[in-house]
Amino acid sequence: MEIWINPACSKCRSAVDLLDAEGADYTVRRYLEDVPSHDEIRAVLDRLGLEPWDITRIQESVAKELGLKEWPKEAGSRERWISALAEHPKLIQRPIITADDGTAVVARSEDAVRDALGR
Numbered sequence: 171m172e173i174w175i176n177p178a179c180s181k182c183r184s185a186v187d188l189l190d191a192e193g194a195d196y197t198v199r200r201y202l203e204d205v206p207s208h209d210e211i212r213a214v215l216d217r218l219g220l221e222p223w224d225i226t227r228i229q230e231s232v233a234k235e236l237g238l239k240e241w242p243k244e245a246g247s248r249e250r251w252i253s254a255l256a257e258h259p260k261l262i263q264r265p266i267i268t269a270d271d272g273t274a275v276v277a278r279s280e281d282a283v284r285d286a287l288g289r
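Residue numbers for the sequence shown follow the numbering used here, so the first one is 171 and each next one is one higher.
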């Protein structure tokens, strides 16, 4: 199990605290420092069953600078979105837990973290 976190994020810290409390075996990836590649983002999206726009933090200043709200949310634009996430990892929703069963969850709630633990 791996968790992508930004240590400055309270939801990330809460997720890590819960994983620790449950004695989970996991690794931490500080994705702002260890930026995921395009392929890693595609793999996580596949595991999540989501599209890149589903995990994009639209309210971030860089998102506004790029005009992401206006970008088409369609298959033909998928790679453009993935490139934006790879080039600006702050746009990636957090935390993301990749579960041992090959799935992943955006673990912004205690229930989502527990769901990942149960997989």
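For each residue, glycine too, the CB sits at the ideal point set by N, CA and C.
Using a 10 angstroms sphere on the CB of Pro177, the tally of other CB atoms stays under 16, which defines it as exposed. By the neighbour-count criterion, in which 16 or more other beta carbons inside 10 Å mark a residue as buried, Arg264 falls on the buried side. In the three-state scheme derived from DSSP, where H, G and I count as helix and E and B as strand, Arg227 is classed as coil. If you check the CB distance, Pro242 and Val205 do not come in under 9 Å.
With distances taken between CA atoms, Tyr201 lies nearest to Ile211 out of Ile211, Ala194 and Gly193.
When the five nearest sequence neighbours on each side are left out, the beta carbons in the same chain lying within less than 8 Å of the beta carbon of Gly272 are those of Arg217, in order along the chain. The residue from Ser279, Asp270 and Ile225 with its alpha-carbon nearest to that of Gly288 is Asp270. Take Tyr196, set aside five residues on each side of it, and the residues of its chain with a beta-carbon closer than 7 Å to its own are Met171, Glu172, Ile173 and Leu189, in chain order. Excluding five sequence positions before and after Arg199, the CB atoms of its chain that fall closer than 6 Å to its own CB belong to Glu172 and Trp174, given in chain order. Taking a C-beta distance under 9 Å as the contact criterion, Val276 and Leu220 qualify as a contact pair. Comparing alpha-carbon positions, the option among Thr268, Glu230 and Ile225 lying closest to Arg248 turns out to be Ile225. The DSSP-derived three-state label of Trp251 is helix.
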